[in-house]
Every structure is written in C-alpha cells, then in structure tokens.
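Numbering (my numbering), first residue to last: 8 to 135. What follows is one structure encoded as structure tokens, with my remarks underneath.
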Ligand code: FES
C-alpha cells in the first residue's frame, strides 16, 4: 500500500520520509515522492531507496519479499547468501540487491536507486 505524498522537507527534491525509529530493520515503506513510487528499506540498520518499478517488465518491485538467495555452485553444496539484502519481484521472481539495484538474474539490468541520508538526529531523507 502506498502512502500518499510524504512531507516535503526542502526544495531540490529531498524528502523526509520517516524517522529512523519508524522503520525497523527488515521493514519497508512505499511512498509517493513527487509522482515517483519509491520503496524505502531498512536493511540491517542501513536505509536504501528503490524505484517501485522492476526493470524486467514493470512489476511493483518494492512490494516483493525481502529475502536472500541460494548461490549457484559447482557441486551439490547449498550456499545461501544475500540474507535479507534482496527484494524479489512478485511478477516473475527476479531478485535485486536492495543496496545497489543490481539484478542477480540479468546483470545488464539494474533497478533505479536513490540516495538516502539520515539527518537532524533521525530524519530519513530520500533524495530524488
Ligand atoms: S516484472 Fe519483475 S521479474 Fe518480471
């Protein structure tokens, strides 16, 4: 569910989306910022923002599960990695690294990312 327009903090397209305490590790918040639908994620205490648009075929990327994945291996070993660092698109299951937007399935694809800063002792600011 998308929150409607978040409070605009300053000009030049910087928006206070929430307080640090409002978004616990492992949670996300989807907001509309200046007409862009953006997912703000708290991944292990670090904040990241992605455009809620999957570069594969336009799915609502940020609404998919936050997860990790099994890495390809040469033998029958099971190696789980990227724990809670990926979002899996709900349309076709492609996985994207939340911090970078990198697509694990097709390295030529990248989800749009935005800079996030924490300012004034706890305001989470998305720069678009
Ligand atoms: S639209 Fe996201 S994986 Fe296909």
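Glycine included, C-beta positions come from ideal geometry on N, C-alpha and C.
Run the CB neighbour count on residue i, radius 10 Å, all protein chains shown included, and call it buried at 16 or more, exposed below.
{"i": "residue 71", "result": "buried"}
{"i": "residue 188", "result": "Here the chain covers residues 8 to 135 and nothing more, so residue 188 does not appear."}
{"i": "residue 6", "result": "Outside the modelled stretch of the chain, which goes from 8 to 135, sits residue 6, for which no answer is possible."}
{"i": "residue 129", "result": "exposed"}
{"i": "residue 125", "result": "exposed"}
{"i": "residue 132", "result": "buried"}
{"i": "residue 87", "result": "exposed"}
Considering only residues of the same chain and omitting the five flanking positions on each side of residue i, which have a CB-CB separation below 8 Å?
{"i": "residue 105", "result": "48, 50, 55, 57, 73, 92, 93 and 94"}
Going by the C-beta, is residue i closer than 7 Å to any heavy atom of the ligand FES?
{"i": "residue 61", "result": "yes"}
{"i": "residue 68", "result": "yes"}
{"i": "residue 75", "result": "no"}
{"i": "residue 52", "result": "no"}
{"i": "residue 100", "result": "yes"}
{"i": "residue 96", "result": "yes"}
{"i": "residue 64", "result": "yes"}
Between residue i and residue j, which are expected to be in contact by the criterion C-beta below 8 Å, what is the C-beta distance as a whole number of angstroms?
{"i": "residue 21", "j": "residue 134", "result": "5 Å"}
{"i": "residue 90", "j": "residue 108", "result": "About 18 Å separates the two Cβ atoms, so there is no contact after all."}
Can you check DSSP and say which residues form a bridge with residue i?
{"i": "residue 86", "result": "Residue 86 pairs with nothing; no bridge assigned."}
{"i": "residue 120", "result": "57"}
{"i": "residue 92", "result": "Note: residue 92 sits in no beta bridge, so no partner."}
{"i": "residue 46", "result": "37 and 57"}
Among residues of its own chain, excluding the 5 on either side of residue i, which ones have a beta-carbon nearer than 7 Å to its beta-carbon?
{"i": "residue 63", "result": "96, 99, 101 and 116"}
{"i": "residue 15", "result": "For residue 15, the predicted model reports a pLDDT of 49, less than 50, meaning its position is unreliable; a value from the coordinates is still stated below. Counting only Cβ-Cβ distances below 7 Å, and skipping sequence neighbours, we find 22."}
{"i": "residue 27", "result": "125, 129 and 131"}
{"i": "residue 40", "result": "13, 22, 133 and 135"}
Among residues of its own chain, excluding the 5 on either side of residue i, which ones have a beta-carbon nearer than 6 Å to its beta-carbon?
{"i": "residue 111", "result": "102"}
{"i": "residue 67", "result": "59"}
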